[in-house]
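Chemist: Same order as they appear, the protein sequences are chains A and B. In terms of this note's numbering, the first sequence opens at residue 1352 and continues consecutively. In terms of this note's numbering, the second sequence opens at residue 221 and continues consecutively. Cβ coordinates follow ideal geometry from the N, Cα and C atoms, glycine included. As the structure is a computational prediction, the values presented were derived from the model and not from experiment.
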Amino acid sequence: MNDQLSNDEVLKAKEKCQKLSSQMNEVLFGQEELVEYIITALLCKGNVLLEGLPGLGKTELVKGLSCALGISFKRIQFTPDLLPGDITGNPLLQEENGERKFVFQEGPLFANLVLADEINRASPKTQSALLEAMQESQVTVMGDTRPLPKPFFVMATQNPIELEGTYPLPEAQLDRFLFKLEVKVGGPSVLEKIISNRELGEQNQFKQVMEAEELQELIHLSKRIYLPEIVIQYIARLVSATQPNESNASKGIKFGASPRAAIALAAAVRARALINGRMNAAVEDVRHLALPVLRHRVIIDYMARTEGNTPETVIENIIAEVSSQNKQLSSTLIETAGN
Amino acid sequence: MGHSNKTFWLKEIKVTRMKLNASVWLSSFLSHFFFICAALSVFIFFTKRFGIEIISDVEFLSLCFLFSILISIFRARKGFFSFSETSDWLDEKLCLYNQLGCANKGIGEWPAQKVSKQPLTRWNWQKILLPSLSGLMVVMLTAWMPVHKISHAEDFIKEAPLNWQEAKEWLDELKEEEIIAEESLEESREQLNQLINTPPEEWFNHDNLEAGDTLHSQLENTLKEMFNSLENAKESIEQLTSNPQNLSKMENKALAQQFKEALKNLGQGMLPLNNELLQKLKNIDPKNLKELTPEQLKKIMKKIKEAKGACKKCVGEGKKETLVIMEGRPKGNRLGKGAITRGPGAAPMWLNENASPSSSRHREDVKNDNLDHISFDKNVGQSMGEHQIDKSSYNKNLNSGSTKNKGKGGEAVWRDNFLPAEKKILEKYFK
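1) Which residue marks the beginning of the alpha helix (DSSP H) containing glutamate 446 of chain B, and which one marks its end?
2) Give the secondary structure of asparagine 344 of chain B by DSSP, where H, G and I count as helix, E and B as strand, and everything else as coil.
3) Grouping DSSP H, G and I as helix and E and B as strand, with all else coil, what is glutamine 1509 of chain A?
4) Only counting runs of 3 or more residues, tell me where the beta strand (DSSP E) segments fall wholly within the segment 1598 to 1666 of chain A, in order along the chain.
5) Do glutamate 1522 of chain A and serine 1598 of chain A have their C-beta atoms closer together than 8 Å?
6) Would you call the CB atoms of glutamate 1377 of chain A and glutamine 1428 of chain A closer than 8 Å?
7) Closer than 8 Å, Cβ to any Cβ of chain B: which residues of the segment 1665 to 1684 of chain A, in chain order?
8) Going by DSSP, name the residue or residues bridged to leucine 1444 of chain A.
9) Return the residue from the list A/Asp1359, A/Asn1668, A/Met1485 and A/Leu1412 that minimises the CA-CA distance to valine 1534 of chain A.
10) Given this structure, state the Cα-to-Cα distance separating asparagine 1660 of chain A from proline 1519 of chain A, to the nearest angstrom.
11) If the criterion is Cβ atoms closer than 8 Å, does the pair glycine 1397 of chain A and alanine 1619 of chain A meet it?
12) Please look up how many angstroms separate the CB atoms of alanine 1563 of chain A and asparagine 1463 of chain A, rounded, as I've assumed it's under 8 Å.
13) For asparagine 324 of chain B, would you say it is in contact with chain A, using Cβ-to-Cβ distances shorter than 8 Å as the test?
14) Could you pull out every residue in the same chain whose Cβ sits closer than 7 Å to the Cβ of glutamate 393 of chain B, ignoring the five residues on either side in sequence?
15) By DSSP, does phenylalanine 263 of chain B sit in helix, in strand, or in coil?
16) For arginine 1611 of chain A, which residues of its own chain have a beta-carbon under 7 Å away from its beta-carbon, when the five flanking residues on both sides are left out?
17) Along the chain, where does the beta strand (DSSP E) that runs through asparagine 1398 of chain A open and close?
18) Please identify, using Cβ separations under 7 Å, the residues of the segment 1573 to 1602 of chain A that lie next to chain B, in order along the chain.
19) Return helix, strand or coil for alanine 1587 of chain A, following the three-state DSSP convention.
20) The segment 329 to 353 of chain B: which residues have C-beta closer than 7 Å to a C-beta of chain A, in chain order?
21) Go ahead and pull the three-state DSSP assignment for arginine 269 of chain B.
22) For lysine 539 of chain B and lysine 528 of chain B, what's the separation of their Cα atoms in angstroms?
23) Within 10 Å of its beta-carbon, does alanine 259 of chain B have 16 or more other beta-carbons around it, so buried, or fewer, so exposed?
24) If I measure Cβ to Cβ from asparagine 428 of chain B and keep anything under 7 Å in the same chain, skipping five residues before and after, which residues do I get?
25) Would you verify that the beta carbon of aspartate 1354 of chain A is, or is not, closer than 8 Å to some beta carbon of chain B?
26) On a CA-only basis, which of A/Ala1473, A/Gln1456 and A/Arg1497 is nearest leucine 1444 of chain A? Give me that one, please.
27) Confirm, please, whether the CB-CB distance from isoleucine 400 of chain B to leucine 467 of chain B is below 8 Å.
28) So, using beta-carbon positions, are isoleucine 1581 of chain A and glycine 271 of chain B closer together than 8 Å?
29) Verify whether the separation of the beta carbon atoms of proline 1442 of chain A and phenylalanine 1453 of chain A is less than 8 Å.
30) State the Cα-Cα distance for the pair asparagine 241 of chain B and isoleucine 1626 of chain A, rounded to the nearest angstrom.
31) Distance check for proline 331 of chain B and asparagine 1471 of chain A, CA to CA, integer angstroms please.
32) Which value, in whole angstroms, describes the spacing of the CA atoms of asparagine 599 of chain B and asparagine 383 of chain B?
33) By a C-beta neighbour count over all protein chains shown, 10 Å radius and 16 as the cutoff for buried, is tyrosine 649 of chain B buried or exposed?
34) According to a CB-to-CB cut-off of less than 8 Å, which residues of the segment 1389 to 1414 of chain A neighbour chain B?
35) Among A/Pro1502, A/Gly1607 and A/Ile1666, which one has its Cα closest to the Cα of isoleucine 1422 of chain A?
36) With a threshold of 8 Å between beta-carbons, can serine 288 of chain B be considered close to chain A, or not?
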């Protein structure tokens, strides 16, 4: 209870988040929800997997984010011939004062924000090199472990089409991503805005609205958000319901979400509460974030797929099925719409 | 402002909690209310059928209602909403982002007052009324429905079998007269009491009736024998004392022997004579009756007479079973005396309450309103009149071929009795 956030702290945090969000939305049109998810992921130090067709602004979003936050940014274009050393860095033989020695040349992973573009095009070997960096914020080259700069985020993108010659990410690696977000095409009104405000080949100009230290502070504040018992119970019930045959909606699930998913959901829920200027997380946050947190952690079986189910539909059904309340109303009382 | 918000929400949570818990209890109550009503109906039916009245209907219904309320509270207790659960429920319904729950735990401030445009819940009247009304209807129907009450034989049994009562009267009479030995009298009374002390519904069992009848007939026979023995003893004394000079030696001896036999019989059996009286009789020597003073003899004869009177009072000169006809309708549901195999037996018959004088020639009916137990084979009365029979119509048996009427001469009886062919034969013969 002593670690409870004060109202001022929460309001300030909200203000900062709103600034960041506004800055992003000024440049990226029609991606308000995506921006909110990305900021949520930042506040809980989560990595994000962005999936969408080319040209929807995925790369622009990540680049803009680095500018707005004033943190270092590196982009890696994943290709089949990319080697682990290409991303982590390599020791190079250098001659200095007549002596030859290996000097470690840092790879593109040594940045605060790394954009792993088209991650599924790299070989599994390279993908797994990214795994250690994502999970432990460090890389090991020739037996030497080197910490990555803080904060460290990986924003990976993958293209849902042109899957020939790609290497789908293994479940273990998918589990390291906090969110899997779908970047969708905006409507005509969004396109109108884009056409009227953007020129071909022109780079977007993002203003820096936050320092890296401020981001770190927000991350710490997010951890201090109060998680009510009912929210904990709801997360637990929801994640348990993704296990095969644990609920009516989970019938087509082959593998359910792991405890890491529950931890990730709890962290995301806290971050969202801070963004919205609340001292406590709520069941509404859980409902809002369950889909991006769980969709890449649930594997459905072949039968479910042939029936037209997707992980998204299954999770939506689970959210609809699992109640946030511990007790249900009796049949003698009917809930009305309220409000 | 914060304080008023807190007061508002605390009140709101309390009211909502009451409603939610009432619905949980109601759901539990209604789930078994119909079955309780059904069980209650069965109970009411049987109480009406067998006429059991434990407590009044209103008290019983109230107790049942109270009992079902307690049971339903016990069953529903796990489903009741706690304060925090209610606040969580309100949080979700009013989209308050769990602020109520957190504020209740001291985290954050109470949210601003928010009143829903319409009630958050409404009662499901169909679920409430259907089981409750149908249950009540079943109970009311059973309570209203006329049920024929079963009558038990025990309801009618108010008196022990007549033989037992008679035997008891005899024993009381004998005790009062003090002519029988006390211990044997008590022994017989104990046997009778064993029968009387059995539950009334078993009085008319075959075994008990037979045992009672045996005891009755034993007592009756014993008293008759005693009466005879006393009579013999009395006769012997009277004859020996009245005119002893006219008696032959043989007659004297026979009378003395008769006296001895009588004494012997009086001292043994089921009901031996009182020791004192028996001893007095034994002290009499039939051969030396002259030694007794007239007063002594008179006393002895008086005692014998009293004993005889007691015996006669009990069994008389052989009582016969008679049909009981009462004056006026009997009170209660008493049935008549029954035989061993016929249960309580025939119901009593009675005469009109305003009976006509016996001297009148008015014929009066004997009534009996229990036709199930009426006795049709009883001889109610006997007429002393004679049948009016034409005695002249019959003289003696007729043999075949003989004439029925001999005639008085000059009567052409035969002409009426023979066939034409027979007449011709007879005419031919008599010519």
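Modeler: Let me lay it out:
1) Strictly speaking, residue 446 of chain B in this sequence is methionine, with glutamate absent from that position. From DSSP, the alpha helix (DSSP H) with methionine 446 of chain B extends over 426 to 462.
2) coil
3) The DSSP-derived three-state label of glutamine 1509 of chain A is strand.
4) 1604 to 1606
5) Glutamate 1522 of chain A places its beta carbon 8 Å or farther from that of serine 1598 of chain A.
6) no
7) Ser1675, Gln1676, Asn1677, Lys1678, Leu1680, Ser1681, Ser1682, Thr1683 and Leu1684
8) For leucine 1444 of chain A, which the question treats as bridged, DSSP gives the partners A/Phe1453.
9) A/Leu1412
10) 20 Å
11) yes
12) 7 Å
13) no
14) Ala530, Lys533 and Cys534
15) Helix at phenylalanine 263 of chain B.
16) Asp1526
17) 1398 to 1402
18) Tyr1577, Pro1579, Ile1581 and Val1582
19) Correct three-state label for alanine 1587 of chain A: helix.
20) Ser336, Lys337, Gln338, Pro339, Leu340, Thr341, Arg342, Trp343, Asn344, Lys347 and Ile348
21) helix
22) The predicted position of lysine 539 of chain B is uncertain, since its pLDDT is 40 and thus under 50; a value taken from the coordinates is nonetheless stated next. Cα-Cα distance, rounded: 16 Å.
23) exposed
24) In its chain, beyond the 5 residues on either side, Leu415, Thr418 and Glu422 have a beta carbon closer than 7 Å to the beta carbon of asparagine 428 of chain B.
25) no
26) Residue A/Gln1456 is the option with its Cα nearest to leucine 1444 of chain A.
27) no
28) no
29) yes
30) 36 Å
31) 47 Å
32) Any reading at asparagine 599 of chain B must be qualified, since the residue scores a pLDDT of 49, below 50, and its modelled position is unreliable; the value itself is stated next. So the alpha carbons of these two residues sit roughly 20 Å apart.
33) exposed
34) none
35) That would be A/Pro1502, whose Cα lies nearest to the Cα of isoleucine 1422 of chain A.
36) By this cut-off, serine 288 of chain B is not an interface position.
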